[in-house]
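Scroll down for the structure; my scribbles are underneath it.
Protein chains in written order, with the numbering used here: chain A, 1 to 375; chain B, 376 to 671.
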């Protein structure tokens, strides 16, 4: 965990590009953003991740200038932009609905922003051609948006928002309307474009896999605030709270009582069993207080006979097996009724000793693979 | 098998309005068309008959194009047509400017006010059209409310002559047809995707320019619908020029009325009506086409 943490601190030593300082936004009685403070750095691919209604889109709209913060300040390169109207901000946004102008061709859509800057027409044409090439839509330049497929529209929207060469690009659920295969392909295209142009990207998404794939850092949001800001890897392996652990990927949680720390690690006594389980991670908690131990499904091992380990062994029954091709997911029921999921790679094509329904199995994890969490 | 197709419930529902249109629009029009080819006579009804049965199975048709030739040769009618078109066109443009402003403001109003504002637009329909036009006489005449107000405020020292002029006709038409302009434009702007306006602002477009570059072009279907709904009935308008207009006001609706009721020349009046319809068929067809395009 420590190596990952240092990466974040290295970034923090730079001057932040965008700063939210104690920003709140209220719509009537509803608080969309609650006293939020967040720094985003130059050249980052930053994701705002959270369930719908967590305030991530509101945050993005405040950056674009469509909403004014009720309290607090938003700084861009150290300058307060809270009161600058959207058309004067050096920020461009790619809308969730793409918001392509239906009465204009692809070409005119992309040129729209450039025309507002009163650039000479040969310069505009040159830039439009460049953008069309970037998103590989050159032969579609004369079409209207309704003559394009969803994926093509998405790329026109991207080209239009990049045409003015903004220093900061905001993307509101940019891939939400695409099907799975196209979405995955476009994720990598977005990453390439971001690297190529060296623009800071801030993307709003509710899809944690997407956020993990594309971002350099993720801010996990819930009910109007950022719970944790970190690299995808760090969020997954070292979530700060139980809710982050649950939101990012799948996790098995064991509720228990904190029993101190010894040479193996943090001791946790599970509620419904006599055994003590361990995590090598330490935690700031009082003896006897309620904590959780979290293990990701792929970090659990599954055995048909008792393995040769001294601790972190649980016995259960296989209830369900989900075959996923490259891996299988086992749902194992513990004696106390809890369901544990285990992911195992299918290394062999067929296996005679394979685990099947209703088998008695033993689960084990290394104490290094588990994290302990408070609420 | 075939009857099963034709007499199902769905077709029956669609058939009702079409039968209605057939009986109350198409047949009367055919009758008017027939009369327009007749000659005026002193009788009841005051025109010669179109079909003559002289023993054979098929009737002989007696049609004369005299009325049409007469209308085309007499410059009075041509002028009346042109003047009607001009008055209707100018009124439509004024109605468009006012109507667009009102429709746009309603879409920008807080949601809780919208219903009330729209209700106010259609509220005049609760009173008879005729009474509302009459009411304008009370406002516009020399000793009317408008002049009374202007004089007492000291804005003018002579009462303005508005009544019985073309200006009064314009005021009457704009007032009467305004809701027909507001409603289609409102419906169009209301359903416009707000993120387009935000996207324009995001790309550096000032609000006023966004209005011209995005809002107006995208509301063209609404504008066209409103303009046709005002222009087409305004061309043939009779009540407003008759009540508010003066001797200078030349409109085909008035000419038609005079031919019909004062001169009792039904064939000529019918011919005037048929030519008016023929003139309006082009804009009506264009309107139809634009509506079809808007739907698809």
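From the three backbone atoms N, C-alpha and C, an ideal C-beta is built for every residue, glycine too.
Report the rounded CA-to-CA distance for residue i versus residue j, giving the unit in angstroms.
i                      : j                      : result
residue 481 of chain B : residue 146 of chain A : 29 Å
residue 400 of chain A : residue 151 of chain A : Lying before the first or after the last residue shown, residue 400 of chain A is absent from chain A, which here runs from 1 to 375.
residue 117 of chain A : residue 627 of chain B : 52 Å
residue 439 of chain B : residue 411 of chain B : 8 Å
residue 111 of chain A : residue 333 of chain A : 60 Å
residue 520 of chain B : residue 495 of chain B : 22 Å
residue 542 of chain B : residue 535 of chain B : 11 Å
residue 10 of chain A  : residue 72 of chain A  : Unreliable positioning characterises residue 10 of chain A in this predicted model, as indicated by a pLDDT of 46, which lies under 50. A coordinate reading is not provided.
residue 565 of chain B : residue 641 of chain B : 47 Å
residue 158 of chain A : residue 242 of chain A : 36 Å
residue 570 of chain B : residue 329 of chain A : 42 Å
residue 342 of chain A : residue 297 of chain A : 4 Å
residue 96 of chain A  : residue 185 of chain A : 18 Å
residue 372 of chain A : residue 238 of chain A : 9 Å
residue 376 of chain A : residue 69 of chain A  : This structure does not reach residue 376 of chain A, given that chain A is present from 1 up to 375, and the question cannot be answered.
residue 199 of chain A : residue 44 of chain A  : 8 Å
residue 500 of chain B : residue 442 of chain B : 38 Å
residue 502 of chain B : residue 458 of chain B : 29 Å
residue 7 of chain A   : residue 561 of chain B : Unreliable placement is indicated for residue 7 of chain A, whose pLDDT of 47 sits below 50; the coordinate value is still reported in the next sentence. About 55 Å.
residue 57 of chain A  : residue 574 of chain B : 15 Å
residue 511 of chain B : residue 142 of chain A : 53 Å
residue 15 of chain A  : residue 41 of chain A  : 7 Å
residue 592 of chain B : residue 428 of chain B : 59 Å
residue 547 of chain B : residue 605 of chain B : 12 Å
residue 666 of chain B : residue 600 of chain B : 7 Å
Tell me, please, whether the CB atom of residue i is closer than 8 Å to any CB atom in chain C?
i                      : result
residue 574 of chain B : Included in the structure are the protein chains A and B, with no chain C among them.
What residues of chain A sit near residue i, judged by a beta carbon separation below 9 Å?
i                      : result
residue 593 of chain B : 101, 102, 103
residue 580 of chain B : 87, 112, 113, 115, 116
residue 406 of chain B : None at all; the shortest Cβ gap to chain A is about 45 Å.
Buried or exposed: which applies to residue i, given that a residue is buried once 16 or more other Cβ atoms fall within 10 Å of its Cβ?
i                      : result
residue 203 of chain A : buried
residue 550 of chain B : buried
residue 347 of chain A : exposed
residue 93 of chain A  : buried
residue 579 of chain B : buried
residue 664 of chain B : exposed
residue 62 of chain A  : buried
residue 472 of chain B : exposed
residue 387 of chain B : exposed
residue 78 of chain A  : exposed
residue 166 of chain A : buried
residue 1 of chain A   : Since pLDDT at residue 1 of chain A reaches only 39, below the 50 mark, its modelled position is unreliable, and no value is offered.
residue 616 of chain B : buried
residue 254 of chain A : buried
residue 453 of chain B : exposed
residue 478 of chain B : buried
residue 12 of chain A  : Caution applies to residue 12 of chain A, whose pLDDT of 48 falls short of 50 and renders its modelled position unreliable; the value that the coordinates give is listed next. The residue is exposed, with fewer than 16 neighbouring Cβ atoms inside 10 Å.
Could you tell me which residues DSSP pairs with residue i in its beta bridges?
i                      : result
residue 253 of chain A : A:294
residue 145 of chain A : Answer by DSSP bridge pairing: none, since residue 145 of chain A is not bridged.
residue 205 of chain A : A:49
residue 270 of chain A : A:256
residue 323 of chain A : A:328
residue 219 of chain A : A:48, A:229
residue 415 of chain B : B:422
residue 73 of chain A  : A:21
residue 362 of chain A : A:303, A:315
residue 200 of chain A : A:168
For residue i, which residues in chain B fall below 7 Å Cβ to Cβ?
i                     : result
residue 93 of chain A : 577
residue 66 of chain A : 573
Quick one: list the residues of chain B neighbouring residue i, beta-carbon separation under 8 Å, in chain order.
i                      : result
residue 164 of chain A : 578, 579
residue 97 of chain A  : 568, 570
Identify the contact partners of residue i in chain A, using a Cβ-Cβ distance below 7 Å as the criterion.
i                      : result
residue 589 of chain B : 101
Worksheet item: Can you list, in chain order, the residues of the segment 557-571 of chain B whose Cβ is nearer than 7 Å to any Cβ on chain A?
Response: 568, 570, 571
Item to complete: Give, in chain order, every residue of the segment 191-203 of chain A whose Cβ lies closer than 7 Å to some Cβ of chain B.
Response: none
Discussion item. Output needed in chain order: residues of the segment 594-612 of chain B with a Cβ under 9 Å from some Cβ in chain A.
Written reply: 595
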